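In my numbering, the protein residues as written are 11 to 191. What follows is a short report on a single structure.
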Amino acid sequence: MFAVGHMSIAYLLGKGSEKALHIKPNIPLLMVLSILPDIDILFDFLTGAQIHRGPTHSIIVAALVFIPIFIVYRKKAIPYFLALISHPLLADFIIGGNLQLFWPVSIREFGLHELGGPYINIFSQFNIVLELSLFVLVMVFLYKSGDWRTFVSPNKTNLILIIPIATVLLPSTVGYPFSTS
């Protein structure tokens with residue numbers, strides 16, 4: 011899935027958990043965490059290592075990283091953890107697969123295709139329609155909830171929005187940094 015899909019899913023999960031947990035998550039941080047596992051793309055691009063969808067997409071690594079965050083922030087950490095694990099468990103599991111979800115315990119690859127389902131390429135019409143639909147849905151939610159103001163408010167945490175903005179714009183300006191999904 012492209013960054014816009016990951017960020018849309020994270021926003022929807024954050025809004026859902028907001029009501030259930032009675033907390034107000036930081037929307038820019040949700041969006042950054044939703045694309046964080048793809049930091050391995052940069053590493054692949056710079057070194058040629060081919061580790062995309064490996065350790066940074068592991069739910070074991072995510073859980074270990076979040077243990078101290080859960081200890082300090084308790085239920086307030088849940089939307090951020092959901093944003094992070096939605097990347098491999100929802101989006102990339104369906105679109106593309108080939109995920110090492112249990113790294114370092116196992117390097118076995120998982121995904122919808124690996125479980126016998128269809129292979130859905132990131133460039134497929136299905137994925138494009140899915141991501142555009144998610145984006146439109148999120149735009150409606152952002153408008154109706156007033157969350158769009160978050161992105162234009164003078165708040166220092168909005169500086170982290172540079173990360174998802176660059177992630178969305180970089181592939182369209184320099185070319186997609188790798189040849190496979």
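We put the CB at the ideal spot given by N, CA and C, even for glycine. Please read all numbers here as calculations on a predicted model, not as lab measurements.
{"Query": "Tell me, please, whether the stretch 13-21 touches the stretch 132-152 by the rule of three or more beta-carbon pairs shorter than 8 Å.", "Result": "yes"}
{"Query": "Based on Cα-Cα distance, which residue from His32, Glu119 and Asn36 lies nearest to Ile165?", "Result": "Just to set this straight, residue 165 is Asn in the shown sequence, not Ile. When each option's Cα is compared against that of Asn165, the closest is Asn36."}
{"Query": "At the level of alpha carbons, what is the spacing between Ser191 and Ser143?", "Result": "Unreliable placement is indicated for Ser191, whose pLDDT of 42 sits below 50; the coordinate value is still reported in the next sentence. Going from the Cα of Ser191 to the Cα of Ser143 covers about 20 Å."}
{"Query": "Asp102 and Leu94: beta carbons closer than 8 Å?", "Result": "no"}
{"Query": "Run through the stretch 26-82 for me and flag every whole alpha helix (DSSP H) of 4 or more residues, listed as ranges in chain order.", "Result": "37-45 and 49-57"}
{"Query": "Roughly how many whole angstroms lie between the Cα atoms of Pro38 and Met11?", "Result": "19 Å"}
{"Query": "Under a three-way DSSP split, which group does Leu22 fall into?", "Result": "helix"}
{"Query": "Does the beta-carbon of Tyr90 have 16 or more other beta-carbons within 10 angstroms, so that it is buried, or is it exposed?", "Result": "buried"}
{"Query": "Please work out which residues of its chain come closer than 6 Å, Cβ to Cβ, to Ile33, disregarding the five sequence neighbours upstream and downstream, and give them in chain order.", "Result": "Lys86"}
{"Query": "Three or more C-beta pairs closer than 8 Å, one from the stretch 66-77 and one from the stretch 43-55: is that the case here?", "Result": "yes"}
{"Query": "Do you know how far the Cα of Gly156 is from the Cα of Tyr21?", "Result": "13 Å"}
{"Query": "Ile19 and Leu100 look like a contact to me (Cβ under 8 Å); what is the Cβ gap, rounded to whole Å?", "Result": "6 Å"}
{"Query": "Checking the sheet assignment: what are the DSSP bridge partners for Phe103?", "Result": "Beta-bridge pairing links Phe103 to no other residue."}
{"Query": "In three-state DSSP terms, what is Leu122?", "Result": "coil"}
{"Query": "Once DSSP output is grouped into helix, strand and coil, what is the label at Leu111?", "Result": "coil"}
{"Query": "Does the beta-carbon distance from Asn131 to Gly107 come in below 8 Å?", "Result": "no"}
{"Query": "Give the secondary structure of Tyr153 by DSSP, where H, G and I count as helix, E and B as strand, and everything else as coil.", "Result": "helix"}
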